[in-house]
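Engineer:
Numbering (our numbering), first residue to last: 2 to 497.
#1: Is DSSP giving residue 407 helix, strand or coil here?
#2: If we count Cβ pairs, one from each stretch, closer than 8 Å, do we get three or more for the stretch 360-368 versus the stretch 332-349?
#3: Name the residue from 345, 448 and 428 whose alpha carbon lies nearest to the alpha carbon of residue 442.
#4: Leaving out five residues on either side along the sequence, give the residues of the same chain with a beta carbon under 6 Å from the beta carbon of residue 380.
#5: Just list the residues that DSSP pairs residue 357 with in beta bridges.
#6: Does residue 287 pass the burial test, meaning 16 or more other C-beta atoms within 10 Å, or should it be called exposed?
#7: Which two residues bound the contiguous beta strand (DSSP E) that contains residue 64?
#8: Could you spell out the range, first to last residue, of the alpha helix (DSSP H) harbouring residue 289?
#9: Give the DSSP-derived three-state secondary structure of residue 416 in the structure shown.
#10: Can at least three beta-carbon pairs, one atom from the stretch 97-113 and one from the stretch 130-140, be found at a separation below 8 Å?
#11: For the alpha helix (DSSP H) holding residue 489, just list the boundary residues, first then last.
#12: For residue 355 and residue 150, I'd like the C-alpha separation in whole angstroms.
#13: Quick one: Cα of residue 275 to Cα of residue 62, how far?
#14: Can you pull the DSSP bridge partners for residue 556?
#15: What first and last residue would you give for the alpha helix (DSSP H) that runs through residue 220?
#16: Is the distance from the Cβ of residue 128 to the Cβ of residue 158 below 7 Å?
#17: State yes or no: is the C-beta of residue 486 within less than 7 Å of the C-beta of residue 473?
#18: By the 10 Å Cβ neighbour count, where 16 or more other Cβ atoms means buried, how is residue 2 classified, buried or exposed?
#19: Touching or not, the stretch 171-179 and the stretch 200-207, by the rule of three or more beta carbon pairs under 8 Å?
#20: How would you label residue 330, buried or exposed, when you count the other beta carbons within 10 angstroms and need 16 or more for buried?
#21: For the stretch 78-127, list the beta strand (DSSP E) runs that are entirely contained and at least 3 residues long, ordered along the chain.
#22: From residue 14 to residue 25, what does the alpha carbon distance come to, in whole angstroms?
#23: When the Cα atoms are used, what is the spatial distance from residue 57 to residue 310?
#24: Here's a check: name, in chain order, each residue in its chain whose Cβ is nearer than 7 Å to the Cβ of residue 421, leaving out the five neighbours to either side.
#25: Measure the alpha-carbon distance for residue 229 versus residue 289 and round it to whole angstroms.
#26: Measuring CB to CB, does residue 69 end up less than 7 Å from residue 50?
#27: Grab me the residues of residue 268's own chain with a C-beta within less than 8 Å of its C-beta, minus the 5 sequence neighbours each way, in chain order.
#28: Which residue comes first and which comes last in the alpha helix (DSSP H) that contains residue 18?
#29: Among 433, 324, 438 and 328, whose alpha-carbon lies nearest the alpha-carbon of residue 533?
#30: As an exercise, report each continuous alpha helix (DSSP H) stretch of at least 4 residues that is fully enclosed by the stretch 300-379, in chain order.
#31: Would you mind sorting residue 75 into buried or exposed? The rule is 16 or more other CB atoms within 10 Å of its CB.
#32: Find the nearest neighbour of residue 386 within the set 237, 305 and 397, judged by alpha-carbon distance.
#33: Starting from the Cα of residue 283, find the closest Cα among 8, 27 and 77 and give me that residue.
#34: Could you round the C-beta distance between residue 231 and residue 189 to whole angstroms and report it? I think they count as a contact, below 8 Å.
Next up, the structure:
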């Protein structure tokens with residue numbers, strides 16, 4: 002088994018640390034709370050894989066060495082049946098060619114040439130040394146990736162940087178320290194002489210804030226790793242070119258990053274891909290599975306990760322509740338308490354975030370909350386526009402129709418009933434999905450394709466089994482999750 006050194010940050014850190022240690026992996030650069038909760042030795046060497054919570058707290062991104070990532074990927078996805086994963090085509094550090102497709106106020110949208118040819122990124126004007134226009138060929142490096150279910154694009158830059166959490170190398174001379182402590186900054190500035198280490202010609206070291214507290218062994222390992230990465234990327238960007246080739250190329254005369262003067266230099270795959278990446282979305286069942294893992298290390302309330310995923314300001318409340326008492330693992334998830342504190346409430350607007358098994362997220366619009374029950378049922382209504390027909394029902398959609406949707410926390414399905422202005426039922430569509438989560442501003446799930454419809458004449462039909470089969474064949478949905486979806490659809494078909 003490949004043993005990976007993993008750095009973990011975010012709201013899932015304790016649970017994932019427990020799972021990583023149980024599986025025999027090493028956790029490095031652990032945060033102070035993790036060090037307090039585990040009786041384990043935590044290394045300070047650079048990590049093979051970095052795991053961090055997505056900006057919307059719905060899941061995690063894992064990026065790093067290809068073999069090490071393969072070793073931990075299954076550990077991330079087997080938290081529950083509704084943990085879904087997608088390869089990241091733009092891991093941080095990747096160098097890609099592309100073309101400017103749109104210019105915005107603060108930057109440009111770039112269509113990127115990845116292996117699957119579907120990615121695009123955002124290039125801030127401040128991160129490139131030349132003006133760019135629509136149609137310009139560019140070579141860029143990914144600074145920050147983005148989860149596929151969000152509306153963000155990966156952030157790009159036109160200058161090469163390599164390194165990790167302790168030290169980064171960038172084209173230039175001298176040494177720079179990104180630390181507010183002046184005394185520590187002076188000490189780090191002389192660290193290269195002390196360690197008798199030199200960056201490659203044409204590069205400078207930029208010490209990062211965590212370097213202030215790192216020991217000499219960790220600093221040496223971090224710089225060695227950055228130097229190796231710099232040499233590899235320089236060779237990949239322009240084999241045979243000198244070090245001056247990597248710092249951006251506004252005139253298009255040489256190698257490196259930035260605006261490419263010659264379109265023939267564009268490559269149809271990553272120019273350099275030092276890291277692999279995967280994005281993992283956790284469904285409700287998976288979050289409760291992670292609760293169980295966290296509970297082996299510290300007090301954990303039922304729904305710990307479910308509450309924290311729903312609202313950024315909920316973390317402090319959850320931490321306080323767990324500090325004051327030792328919650329019983331057999332207690333019910335306190336939906337009513339959470340809804341009272343954070344929402345949704347009657348009269349609120351609630352999005353219906355309809356995830357797709359391929360990683361996309363489609364918002365079905367905003368609905369008005371008409372009822373919130375303590376058992377976790379939230380009823381919402383939407384007024385429909387005219388035109389077209391209702392999917393699966395074959396009934397014309399008339400302006401003024403009302404769609405009433407009943408969402409229940411934790412249920413593997415939800416019904417939407419369409420009514421005309423006079424109250425006449427125009428049909429019911431029952432969506433089969435991963436367990437519904439009702440957050441303060443959105444109901445969230447991933448659609449599992451197969452659904453059941455009840456038409457106005459009372460006939461019931463199960464639809465889209467073929468789409469479910471295709472998703473399984475494509476690797477988007479596991480067979481256990483598909484079997485659950487088919488079982489739910491069969492039960493609904495019989496009940497209706």
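Using N, Cα and C, we set each Cβ at its ideal position, and we do this for glycine too.
Structural biologist: In terms of the structure at hand:
#1: The residue labelled residue 407 in the question sits at position 406 within the chain shown. Residue state, collapsed to three classes: strand.
#2: no
#3: Counting from one through the chain shown, the residue named residue 442 turns up at place 441. Nearest C-alpha to residue 442: 345.
#4: The residue given as residue 380 occupies position 379 in the chain shown. Answer for residue 380: 371, 372 and 407, listed in chain order.
#5: Here residue 357 refers to the residue found at position 356 of the chain shown. Answer is none; residue 357 lacks a bridge partner.
#6: Start at 1 with the first residue of the chain shown, and residue 287 comes out as number 286. Buried, because 16 or more other Cβ atoms sit within 10 Å of the Cβ of residue 287.
#7: Counting from 1 along the chain shown, the entry for residue 64 is found at position 63. From DSSP, the beta strand (DSSP E) with residue 64 extends over 60-65.
#8: Residue mapping note: residue 289 aligns to position 288 of the chain shown, counting from 1. Residues 285-296.
#9: Reading the chain shown from its first residue, position 415 is the one you call residue 416. If DSSP states are grouped into helix, strand and coil, residue 416 belongs with the strands.
#10: yes
#11: Stepping through the chain shown from its first residue, residue 489 is reached at position 488. 480-496 is the extent of the alpha helix (DSSP H) around residue 489.
#12: The residue given as residue 355 occupies position 354 in the chain shown. The residue given as residue 150 occupies position 149 in the chain shown. Approximately 10 Å between the Cα atoms of the pair.
#13: Translated into the one-based positions of the chain shown, residue 275 becomes position 274. Translated into the one-based positions of the chain shown, residue 62 becomes position 61. Rounded to the nearest angstrom, the two C-alpha atoms are 16 Å apart.
#14: Absent from the model: residue 556. The displayed extent of the chain is 2 to 497, so no value can be given.
#15: As a first step, residue 220 is located in the chain shown; it is residue number 219 there, counting from the start. Element bounds for residue 220: 217-238.
#16: Within the chain shown, the letter at position 127 stands for residue 128. Within the chain shown, the letter at position 157 stands for residue 158. Yes, the pair counts as a contact, with Cβ atoms nearer than the cut-off.
#17: Here residue 486 refers to the residue found at position 485 of the chain shown. Here residue 473 refers to the residue found at position 472 of the chain shown. No.
#18: As a working note, residue 2 is residue 1 in the chain shown. Exposed, because fewer than 16 other Cβ atoms sit within 10 Å of the Cβ of residue 2.
#19: yes
#20: Counted from its first residue, the chain shown places residue 330 at position 329. By the 10 Å Cβ count, residue 330 comes out exposed.
#21: 84-88, 96-104, 108-113 and 121-125
#22: Position 13 of the chain shown, counted from the start, is the residue given in the question as residue 14. Position 24 of the chain shown, counted from the start, is the residue given in the question as residue 25. So the alpha carbons of these two residues sit roughly 16 Å apart.
#23: Within the chain shown, numbered from 1, the residue matching residue 57 stands at position 56. Within the chain shown, numbered from 1, the residue matching residue 310 stands at position 309. Cα-Cα distance, rounded: 7 Å.
#24: Position 420 of the chain shown holds residue 421. Hits under 7 Å: 399, 402 and 427.
#25: The sequence position of residue 229 within the chain shown is 228, counting from 1. The sequence position of residue 289 within the chain shown is 288, counting from 1. Residue 229 and residue 289: Cα-Cα distance of roughly 41 Å.
#26: By one-based count along the chain shown, residue 69 stands at place 68. By one-based count along the chain shown, residue 50 stands at place 49. Result yes, Cβ atoms of residue 69 and residue 50 sit closer than 7 Å.
#27: Against the chain shown, residue 268 aligns to sequence position 267. Excluding positions up to five away in sequence, the list reads 98 and 114.
#28: Taking the chain shown and counting its residues from 1, one reaches residue 18 at position 17. It spans 14-23 - the alpha helix (DSSP H) in which residue 18 sits, taken as one unbroken run.
#29: Because the chain here runs from 2 to 497, residue 533 falls outside it and cannot be looked at.
#30: 305-311, 315-325 and 336-343
#31: If you number the chain shown from 1, residue 75 lands on position 74. Classification of residue 75: exposed, given that the 10 Å Cβ count is below 16.
#32: Counting from 1 along the chain shown, the entry for residue 386 is found at position 385. Ranking 237, 305 and 397 by Cα distance to residue 386 puts 397 first.
#33: As a working mapping, residue 283 is identified with position 282 in the chain shown. Of the candidates 8, 27 and 77, the one whose C-alpha sits nearest the C-alpha of residue 283 is 77.
#34: Stepping through the chain shown from its first residue, residue 231 is reached at position 230. Stepping through the chain shown from its first residue, residue 189 is reached at position 188. No, residue 231 and residue 189 are not in contact; Cβ-Cβ is about 19 Å, not under 8 Å.
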